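Okay, structure first, notes after.
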Amino acid sequence: MLFDLTPEITLDKENQKKYLYARVILYVSALVFAFFAAFTIIFPTRYFSFSFLNPNSKSNTIINPRDETGNSPDRGKIMANNKFIFDATLLGNFSEAKIIFRLNKKSSEIDGEKISIKKSFQAFLYPEGSPFGFRDGALLKNLENYYLVSNGELRKFKDKNTLSLLGFSTESFQEVSIEDLNYNAQGNNISDTSTYPSNSLFKINNDFYILSDAKLTKFISDKAYLSQYYAEQAIPKTADFLQKYPQDENQIGFADGSLLAYGESAFVVSGNKSYPIDSIETFEAMGYKWEDLITVGGDEISFYTKDELLDLSGAHPDGTIFLASDGKKYITENKTRHFLPTEKIAASWSKIHPVEVSAESLFTLSECNFGKKWIFSKTYSCIASVDNLQNLLGKDYEFRTTFNEDIKADSAEIQFKKSYTLSNLKRFVANVIKNLKNSYVGQN
Amino acid sequence: MWDKIKLLNKYELIIFKLLNDLLVLLTLFFFVLVVADGILPGIISNYYDPATVVLLVLANILLISFLEKKIGLKLEQKSNKKTAIFLLFVLILLVSNTFFHLNIWLNIFLTLLSFLIGYFIYKVFSEE
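In the order they appear, the protein sequences are chains S and V.
If you read the first sequence in my numbering, its first letter stands for residue 577, the second for the next number, and so on.
If you read the second sequence in my numbering, its first letter stands for residue 224, the second for the next number, and so on.
As structure tokens, then:
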């Protein structure tokens, strides 16, 4: 017999026939399984779930189910007429999303309510707040008028003489338009030459300081200072200047949203926290650029408190700047997205490349209406085509719904499916080739 | 129960032969998984857990050895030199692939070292 693996064992004619049939069935099943396996790899289905009965379980893969104020539903209780929002992180192109809610037996019904889906980055989909003006400490000039941005306010120097008496150099002021100046509130004029206005910057003994709350606060390093300001903005002073103002025991680190490299690890920092990035895949999926990494020493990274690992499902921290495809820039702060109205204002907030996003993400939706599985069922689901979201940048899908009655959910599930099309097959092959190139030829 | 045992007795030779076929198929699947994941990590292991395949192979081997004893077969232990050389070559490629981003000489040194360690471990276990 062909390919007999155990020729030593001879069977009688009848058994030989049975063995042959069984063998054909075995090999055909293996072939079918091989095709099935290839299909599930090329056209995968991705599952996400959340158990409201066990909200802290590590097996929950739906991110942060919440109402509009950010509160998680208590044991699955979702209030009527309140927006209910949750996210899921997914790389790759998928064709449809099936959303399933399993309600508690005592829960009210879902009455055909609609659920909408957006795709982008979680932080870019934060609610929009008021536009931001220039960053504190910015030195600005319009024609013959000179300004310092101090505690968010635009403070005009009384005259050039005041400016030079305080030690500011006219060259360190950035020329801006009147429109640029409209986004900071007007503050008092600077006329007193005996004291420095808040947010003045100094260079003392090769260290950089900022004056805030009448205290001198030191930057942890030159690199930290230069991530926020330019060297020429700082007024050079001698050591005795330190006697004039008390020194703040706290220090200032890098600009929020900066990317730091220490040893083999990369971190994104915000406030006094650092978030270690868990993989190259996450770094790239977050839209960060390798050239923005600032190599730091142990003393610089130890300034930060290490927070949780930033994985694929993580959101960009405060201070991240987004560049939308329509050219508009935004910055995130306290889970709010703020518009940066002009290029010069945006440049005052960050010196690194912004994270690119699609402007259409804010208004392009995919929708479907919930329906019951069967008449007495407490399981509601709907299927939405997400083909229209495929070309949008970002790794996160945001789901929003509003129920007409208070409901009590036991669990929620999402299934993303890839349709069996030639274009999806081509995308898979292209992706494999790209990954091979990245691994063996180098980064493209 | 008795019928089942009788059925097993009646078809134990066929089952034994089929288990051998299954072993080849499972090993082939494991081989494809290891090679594909060695080249592009996660391409299959993200969907199919390699540990499950290993467990299936082990379960299959245990069943074969159980049946072999039950039937009282004394099969000749054959070693296929050509297959062994081919597998060793693939193993060298896979190990050296894991050190791909290192300097070529360091890569060669670490690959040789890995095989030397593997050889000595084999010697220790095969010592009588």
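Glycine included, each C-beta is placed from N, C-alpha and C at the ideal position.
None of the values given here were measured: they were computed from a predicted structure.
What is the DSSP secondary structure of residue i, counted as helix, strand or coil?
i, result
"residue 673 of chain S", "strand"
"residue 770 of chain S", "coil"
"residue 609 of chain S", "helix"
"residue 959 of chain S", "strand"
"residue 1000 of chain S", "helix"
"residue 947 of chain S", "strand"
"residue 592 of chain S", "helix"
"residue 981 of chain S", "coil"
"residue 845 of chain S", "strand"
"residue 238 of chain V", "helix"
"residue 579 of chain S", "coil"
"residue 245 of chain V", "helix"
"residue 711 of chain S", "coil"
"residue 964 of chain S", "helix"
"residue 698 of chain S", "helix"
"residue 987 of chain S", "strand"
"residue 817 of chain S", "helix"
"residue 585 of chain S", "coil"
Taking 8 angstroms as the limit between beta carbons, can you name the residues of its chain near residue i, skipping five residues before and five after?
i, result
"residue 235 of chain V", "290, 293 and 294"
"residue 944 of chain S", "675, 690, 691, 958, 959 and 960"
"residue 808 of chain S", "745, 747 and 748"
"residue 759 of chain S", "707, 708, 709, 710, 917, 918 and 921"
"residue 881 of chain S", "848, 849 and 850"
Just the Cα atoms here: how many angstroms apart are residue i and residue j?
i, j, result
"residue 1020 of chain S", "residue 698 of chain S", "For residue 1020 of chain S, the predicted model reports a pLDDT of 44, less than 50, meaning its position is unreliable and no value from the coordinates is stated."
"residue 736 of chain S", "residue 873 of chain S", "41 angstroms"
"residue 771 of chain S", "residue 785 of chain S", "15 angstroms"
"residue 604 of chain S", "residue 243 of chain V", "16 angstroms"
"residue 928 of chain S", "residue 868 of chain S", "6 angstroms"
"residue 726 of chain S", "residue 854 of chain S", "37 angstroms"
"residue 979 of chain S", "residue 719 of chain S", "56 angstroms"
"residue 286 of chain V", "residue 254 of chain V", "21 angstroms"
"residue 301 of chain V", "residue 239 of chain V", "17 angstroms"
"residue 791 of chain S", "residue 693 of chain S", "48 angstroms"
"residue 842 of chain S", "residue 946 of chain S", "42 angstroms"
"residue 1009 of chain S", "residue 264 of chain V", "13 angstroms"
"residue 767 of chain S", "residue 817 of chain S", "20 angstroms"
"residue 848 of chain S", "residue 640 of chain S", "23 angstroms"
"residue 907 of chain S", "residue 645 of chain S", "20 angstroms"
"residue 260 of chain V", "residue 268 of chain V", "7 angstroms"
"residue 664 of chain S", "residue 896 of chain S", "20 angstroms"
"residue 973 of chain S", "residue 822 of chain S", "49 angstroms"
"residue 844 of chain S", "residue 836 of chain S", "6 angstroms"
"residue 963 of chain S", "residue 671 of chain S", "5 angstroms"
"residue 679 of chain S", "residue 977 of chain S", "15 angstroms"
Leaving out five residues on either side along the sequence, give the residues of the same chain with a beta carbon under 6 angstroms from the beta carbon of residue i.
i, result
"residue 655 of chain S", "982"
"residue 623 of chain S", "991"
"residue 717 of chain S", "749 and 751"
"residue 810 of chain S", "777, 778, 779 and 784"
"residue 246 of chain V", "283"
"residue 900 of chain S", "933 and 935"
"residue 955 of chain S", "678 and 949"
Quick one: which chain S residues come within Cβ less than 8 angstroms of residue i?
i, result
"residue 308 of chain V", "None at all; the shortest Cβ gap to chain S is about 20 angstroms."
"residue 237 of chain V", "587, 591, 594, 595 and 598"
Could you tell me which chain V residues have their CB closer than 9 angstroms to the CB of residue i, listed as they occur along the chain?
i, result
"residue 738 of chain S", "The contacting residues do not exist; residue 738 of chain S stays about 59 angstroms from chain V at best."
Run through chain V and tell me which residues come within less than 7 angstroms of residue i, C-beta to C-beta.
i, result
"residue 606 of chain S", "248"
"residue 581 of chain S", "243, 244 and 247"
For residue i, which residues in chain S fall below 7 angstroms Cβ to Cβ?
i, result
"residue 245 of chain V", "602"
Excluding the 5 residues preceding and the 5 following residue i in the sequence, name in chain order all residues of the same chain whose CB lies nearer than 7 angstroms to its CB.
i, result
"residue 742 of chain S", "769 and 772"
"residue 918 of chain S", "755 and 756"
"residue 885 of chain S", "852 and 854"
"residue 788 of chain S", "774 and 775"
"residue 846 of chain S", "832, 833, 893, 894 and 895"
Taking C-beta pairs closer than 9 angstroms, name the residues in chain S that residue i reaches, listed in chain order.
i, result
"residue 291 of chain V", "The contacting residues do not exist; residue 291 of chain V stays about 10 angstroms from chain S at best."
"residue 350 of chain V", "Those within 9 angstroms of residue 350 of chain V in chain S number zero; the least Cβ separation is about 30 angstroms."
"residue 339 of chain V", "Here the premise fails: no neighbours, minimum Cβ distance about 26 angstroms."
"residue 263 of chain V", "1008, 1011, 1012 and 1015"
Of all the residues that make up the region 584–597 of chain S, which are near chain V by a beta-carbon distance shorter than 7 angstroms? 584, 585, 587, 591, 594 and 595
Of the residues that make up the region 681–712 of chain S, which ones have a beta carbon closer than 7 angstroms to any beta carbon in chain V? none
Quick one: which residues of the region 888–904 of chain S get their C-beta closer than 9 angstroms to a C-beta of chain V? List them in chain order. none
Chain V contacts from the region 614–629 of chain S (Cβ-Cβ distance under 8 angstroms): 616, 617 and 620
Please list the residues of the region 994–1016 of chain S that have a C-beta atom closer than 9 angstroms to any C-beta atom in chain V, keeping them in chain order. 1008, 1011, 1012, 1015 and 1016
What residues from the region 305–333 of chain V come within 8 angstroms of chain S, judged by C-beta to C-beta, listed N to C? 323
Quick one: which residues of the region 266–286 of chain V get their C-beta closer than 9 angstroms to a C-beta of chain S? List them in chain order. 266, 267, 269, 270 and 271
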